[in-house]
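Numbering (full-length UniProt numbering), first residue to last: 1 to 534.
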């Protein structure tokens, strides 16, 4: 009966919307580094930690202070509630119960409730024995006033800052990355301290005027000498003791040098992570931005235009020289592999990214990044670059919305517009960022004078305009060549002079802005004058 009740409760929690929302809320508050709630919570906890340490120190000299006692009680309750909530978020006991129950049903075995609780307890112990959880417990202990000795654990409240400060976490991660080197140095240092303490004790214990009367004095002198502090309260009086001192001083220089080199190496390796963290923090401020994978010639041109249009974007490239160039130009950039899932997730592909451009010089990488991006975000707009024609279908199959072929486009422009200086002037103007040269569209509306007109009748050359192409979903145009599918429509590149326009088509024109505006105004005026009065 008890087992059925527990299984029922587990299934109820799995389907309960309020339970899921509550857990998500506290996850965003305590663990989700991308949540604004966590940032406010961390700032509040840092302030409370500092105040609690101040009040505890004040309480040592003023034991009868009631205000300090009340404040300490409030802080204690906050710490306990936080500890319990973190344990609740970490452990999903109801999932363990459901998993074991369904496994027992599938294998036609008895449901072992005791085994389930044992498995859930082991998972809870993983959290309880974690370093941060131990620090949380030790930070609570100083609040127990009857045992004054527990106040020594006040220092662990400062260690809780590692949980709330990214900079402190970075320091801890840097030390953790050199765990083996630090452990080796610690073992050597302990061995050195033991040898030096015993040696100085043997030489100085019965020496006249010696300050070493027991092993603790020898240990104290060794630590002071090893740290190169040298208070001078204990000095060796024998020749043997002085030789031990010389040896310990020389050894201490090596120990300190080795320790310093480990720290420098650790933080040097973490500098890239620091830069990435700052970049990700900057991205969190944007509601929408574009991810550019690859900063070659194509990527540099795209970034330049986006920067001129004041759009937000992030560049990802694994070539250090390109990232350095991007940062010199003031762009947000990280040196990493865009095909890595974790890199794209940290870059915000599931949060604020509105589009991703896969424009590296390697089609294999572009396909892989496209496939990964579509897997991570089903609604993301993906534009990919194909350097070879036979890779276009692969990119579409991988999930790309649009595929660009820069070299093929350049060849088509050169082949189609050779001998047309106006066209080349317009194209050159756009490429060189001349603001008077633009590319705009003109809609062929119903009852427009352009409707049922041939391209050759538009007289675009005299207007110094160039028709780049026509966008249409009318099936009557499918007989024409140079067509490229754009979702539900087709783009007809440089159509023939006998191409007949239909309402709903869209002309893509190149030229000076005032020339295109004048052409659009004339078309609209002719459409209005051609209307018959009722």
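Beta carbons: idealized from backbone N, C-alpha and C, even for Gly.
Predicted, not measured: the structure shown is a model, and the values here were computed from it.
Going by DSSP, name the residue or residues bridged to residue i.
{"i": "residue 472", "result": "490"}
{"i": "residue 317", "result": "335"}
{"i": "residue 438", "result": "511"}
{"i": "residue 350", "result": "According to DSSP, which records beta bridges pairwise, residue 350 is partnered with nothing at all."}
{"i": "residue 616", "result": "Because the chain spans 1 through 534 in this model, residue 616 falls outside it and cannot be assessed."}
{"i": "residue 466", "result": "510"}
{"i": "residue 484", "result": "491"}
{"i": "residue 289", "result": "353"}
Can you give the Cα-Cα distance for residue i and residue j, rounded to whole angstroms?
{"i": "residue 92", "j": "residue 135", "result": "22 Å"}
{"i": "residue 518", "j": "residue 304", "result": "29 Å"}
{"i": "residue 37", "j": "residue 44", "result": "11 Å"}
{"i": "residue 404", "j": "residue 309", "result": "21 Å"}
{"i": "residue 535", "j": "residue 1", "result": "Residue coverage of the chain in this structure runs from 1 to 534, which leaves residue 535 outside it and unanswerable."}
{"i": "residue 416", "j": "residue 478", "result": "Unreliable positioning characterises residue 416 in this predicted model, as indicated by a pLDDT of 49, which lies under 50. The coordinate reading is nonetheless provided below. Taking the straight line joining both Cα atoms gives about 20 Å."}
{"i": "residue 57", "j": "residue 195", "result": "38 Å"}
{"i": "residue 77", "j": "residue 139", "result": "12 Å"}
{"i": "residue 392", "j": "residue 476", "result": "26 Å"}
{"i": "residue 109", "j": "residue 98", "result": "14 Å"}
{"i": "residue 317", "j": "residue 299", "result": "10 Å"}
{"i": "residue 444", "j": "residue 16", "result": "54 Å"}
{"i": "residue 231", "j": "residue 158", "result": "29 Å"}
{"i": "residue 106", "j": "residue 100", "result": "10 Å"}
{"i": "residue 323", "j": "residue 329", "result": "10 Å"}
{"i": "residue 4", "j": "residue 89", "result": "25 Å"}
{"i": "residue 9", "j": "residue 102", "result": "15 Å"}
{"i": "residue 275", "j": "residue 118", "result": "44 Å"}
{"i": "residue 79", "j": "residue 161", "result": "13 Å"}
{"i": "residue 171", "j": "residue 104", "result": "46 Å"}
{"i": "residue 185", "j": "residue 223", "result": "15 Å"}
{"i": "residue 339", "j": "residue 371", "result": "9 Å"}
{"i": "residue 34", "j": "residue 460", "result": "53 Å"}
{"i": "residue 419", "j": "residue 325", "result": "The predicted position of residue 419 is uncertain, since its pLDDT is 49 and thus under 50; no value can be drawn from it."}
{"i": "residue 523", "j": "residue 446", "result": "12 Å"}
{"i": "residue 521", "j": "residue 528", "result": "11 Å"}
Could you work out which residue in the options is closest to residue i when comparing CA atoms only?
{"i": "residue 237", "options": "211, 439 and 247", "result": "211"}
{"i": "residue 457", "options": "382, 117 and 501", "result": "501"}
{"i": "residue 217", "options": "161, 343, 176 and 197", "result": "197"}
{"i": "residue 346", "options": "327, 360, 315 and 359", "result": "315"}
{"i": "residue 441", "options": "482, 516 and 461", "result": "516"}
{"i": "residue 208", "options": "239, 85 and 334", "result": "239"}
{"i": "residue 42", "options": "29, 53 and 51", "result": "29"}
{"i": "residue 525", "options": "220, 448 and 364", "result": "448"}
{"i": "residue 507", "options": "495, 8 and 513", "result": "495"}
{"i": "residue 265", "options": "313, 177, 129 and 372", "result": "177"}
{"i": "residue 246", "options": "199, 291 and 259", "result": "199"}
{"i": "residue 278", "options": "331, 128 and 19", "result": "331"}
{"i": "residue 22", "options": "40, 6, 71 and 85", "result": "85"}
Would you mind sorting residue i into buried or exposed? The rule is 16 or more other CB atoms within 10 Å of its CB.
{"i": "residue 369", "result": "buried"}
{"i": "residue 147", "result": "Here residue 147 scores only 49 on pLDDT, less than 50, and its place in the model is too uncertain to base an answer on."}
{"i": "residue 394", "result": "buried"}
{"i": "residue 122", "result": "exposed"}
{"i": "residue 484", "result": "exposed"}
{"i": "residue 241", "result": "buried"}
{"i": "residue 173", "result": "exposed"}
{"i": "residue 233", "result": "exposed"}
{"i": "residue 364", "result": "exposed"}
{"i": "residue 25", "result": "exposed"}
{"i": "residue 18", "result": "exposed"}
{"i": "residue 52", "result": "buried"}
Quick one, are the C-beta atoms of residue i and residue j less than 7 Å apart?
{"i": "residue 493", "j": "residue 469", "result": "yes"}
{"i": "residue 257", "j": "residue 228", "result": "no"}
{"i": "residue 489", "j": "residue 473", "result": "yes"}
{"i": "residue 366", "j": "residue 385", "result": "yes"}
{"i": "residue 401", "j": "residue 381", "result": "yes"}
{"i": "residue 215", "j": "residue 201", "result": "yes"}
{"i": "residue 294", "j": "residue 359", "result": "yes"}
{"i": "residue 497", "j": "residue 471", "result": "no"}
{"i": "residue 225", "j": "residue 248", "result": "yes"}
{"i": "residue 399", "j": "residue 374", "result": "yes"}
{"i": "residue 354", "j": "residue 288", "result": "yes"}
{"i": "residue 361", "j": "residue 296", "result": "yes"}
{"i": "residue 13", "j": "residue 83", "result": "no"}
{"i": "residue 511", "j": "residue 465", "result": "yes"}
{"i": "residue 286", "j": "residue 312", "result": "yes"}
{"i": "residue 87", "j": "residue 127", "result": "yes"}
{"i": "residue 292", "j": "residue 376", "result": "no"}
{"i": "residue 220", "j": "residue 46", "result": "no"}
{"i": "residue 181", "j": "residue 290", "result": "no"}
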